[in-house]
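**Q**
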Amino acid sequence: MPAKVWKKVVRIQREFLWGGGRGGKKISWVRWSVVCQDKKKGGLGVRDIRLVNISLLSKWHWRLLLPGRPLWKDVLVAKYGEQILHK
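To convert a position in the sequence shown, counted from 1, into this note's numbering, add 9.
Now the structure itself:
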């Protein structure tokens with residue numbers, strides 16, 4: 010996901026959590042990194058959307074490099090070429 014998109018998603022999450030709107034800003038009393046921490050560590054357990062995106066892309070990249078030719082891999086090869094399998 011492009012950086013512009015995940016930044017917008019995080020902004021929407023922050024506005025929801027802290028009650029900020031388009032017109033004004035509210036004070037955030039806790040750092041966003043603390044909000045994204047696990048509940049057991051004192052956070053709220055909100056998932057960092059950027060890290061989720063990176064992990065999902067890595068998962069698909071791993072599956073792409075595994076042997077075998079499922080249909081979705083054939084579609085990617087048809088669209089982007091055979092070199093996608095060697096990256």
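Note that beta-carbon positions come from the ideal geometry of N, C-alpha and C, so glycine has one too. Note that the structure is a prediction, hence the values are computed from the model and not measured.
#1: Which full runs of the alpha helix (DSSP H) of 4+ residues lie inside the stretch 49-75, going along the chain?
#2: Give the secondary structure of residue 38 by DSSP, where H, G and I count as helix, E and B as strand, and everything else as coil.
#3: If you draw a straight line from the alpha carbon of residue 88 to that of residue 10, how long is it in whole angstroms?
#4: Residues in its own chain within less than 6 Å of residue 37 by CB, not counting five upstream and five downstream?
#5: Specify the secondary structure class of residue 78 as computed by DSSP and reduced to three states.
#6: Have a look at residue 25 and residue 70 and give me their C-alpha separation to the nearest angstrom.
**A** So, to answer that:
#1: 58-74
#2: Reading the sequence shown from its first residue, position 29 is the one you call residue 38. Residue state, collapsed to three classes: coil.
#3: As a position in the sequence shown, residue 88 is number 79, starting the count at 1. As a position in the sequence shown, residue 10 is number 1, starting the count at 1. Rounded to whole angstroms, residue 88 and residue 10 show a C-alpha spacing of 19 Å.
#4: The residue labelled residue 37 in the question sits at position 28 within the sequence shown. The residues are 27.
#5: By 1-based counting over the sequence shown, the position of residue 78 is 69. Looking at residue 78 - three-state DSSP - the assignment turns out to be coil, as it is neither helix nor strand.
#6: Here residue 25 refers to the residue found at position 16 of the sequence shown. Here residue 70 refers to the residue found at position 61 of the sequence shown. Going by the C-alpha atoms only, they are around 33 Å apart.
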